[in-house]
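S.K.: Okay, handing you the structure first.
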Amino acid sequence: MLAVAAGCGGGGTGADHSTMNRRDGSASPGAAGHNDADVMFAQMMIPHHRQAIAMTDLVLSRASSERVRSIATQIAGAQNPEIRTMSGWLRSWGEKVPAAGAKAGGMDMADGMMSDADLAKLKAARGERFDALFARMMIAHHDGAIAMARDEQSDGRDPDAKRLAGQIVRSQTAEVRTLRGIAGGR
């Protein structure tokens, strides 16, 4: 099964790189290839996903709602494999994989990334306050990922990256609906 991840937007330059990643991580000679938008998608989505996982890691010790625990498990379960998939693409393309702990350069709240102050507020919250804050922050985070994935769908060239972007749009849109119910107290 191919894991899918959302990526950061920005119009790629359309530069053609000479290989396309196959499911086994090897290059496929003569394939359509990938472009700068595909690289940007993976390089920006990896830190974006890592932050979402860091947010979900707080749930076990802070959340009061089983719904929050369930959606956090779902998010982490999808995004960890997507990080591995995108990292594999970048390595096969000869591109840099963002280091663990690296911040996504050029990303900010518009991309759904939480500031250090926002994350500190989330870490300090407990119970129902945590649940509502987690839901609101993850909605913003997912909205940023969805926008990045849509940019990949329109600007990218690699079929697997575009497929992953589509999967991210679908799965995170559904998760946002669930999170809105949590944030609204329903």
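Mapping of the sequence shown onto full-length UniProt numbering: residues 1 to 186, in sequence order.
Beta carbons: idealized from backbone N, C-alpha and C, even for Gly.
Model, not experiment: these values are computed from the prediction.
(1) How long is the line joining the alpha carbons of residue 17 and residue 49, rounded to whole angstroms?
(2) Could you give the residue range of the alpha helix (DSSP H) that holds residue 60?
(3) When you compare the region 76–90 with the region 122–138, are there three or more beta-carbon pairs, one atom per stretch, that lie closer than 8 Å?
(4) Along the chain, where does the alpha helix (DSSP H) containing residue 80 start, and where does it finish?
(5) Starting from residue 159, follow the alpha helix (DSSP H) in both directions and report where the run begins and ends.
(6) Just mark residue 149 as buried or exposed, buried being the case when its beta carbon has 16 or more other beta carbons within 10 Å.
(7) Give me the Cβ distance between residue 123 and residue 58, rounded to the nearest whole Å; I'm assuming they're in contact under 8 Å.
(8) Count the other CB atoms within 10 Å of the CB of residue 175; is the residue buried (16 or more) or exposed (fewer)?
M.R.: Looking at the atomic coordinates:
(1) Reading the sequence shown from its first residue, position 17 is the one you call residue 17. Reading the sequence shown from its first residue, position 49 is the one you call residue 49. Note on residue 17: pLDDT 35, under 50, position unreliable in the model; the coordinate value appears next. Residue 17 and residue 49 have their C-alpha atoms some 25 Å from each other.
(2) In the sequence shown, residue 60 corresponds to position 60, counting from 1. Bounds of the alpha helix (DSSP H) holding residue 60 are 59–62.
(3) In short, these stretches do not touch, since the Cβ pair count stays below three.
(4) Taking the sequence shown and counting its residues from 1, one reaches residue 80 at position 80. First-last of the alpha helix (DSSP H) with residue 80: 66–92.
(5) Indexing the sequence shown from 1 puts residue 159 at position 159. Unbroken alpha helix (DSSP H) run through residue 159: 159–183.
(6) For this step, residue 149 is matched to residue 149 along the sequence shown. That one is buried.
(7) Mapped onto the sequence shown, residue 123 falls at position 123. Mapped onto the sequence shown, residue 58 falls at position 58. In this structure, residue 123 and residue 58 form a Cβ contact; the two beta carbons are roughly 6 Å apart against a cut-off of 8 Å.
(8) Numbered from 1 along the sequence shown, position 175 holds the residue referred to as residue 175. With 16 or more Cβ atoms within 10 Å of its Cβ, residue 175 is classed as buried.
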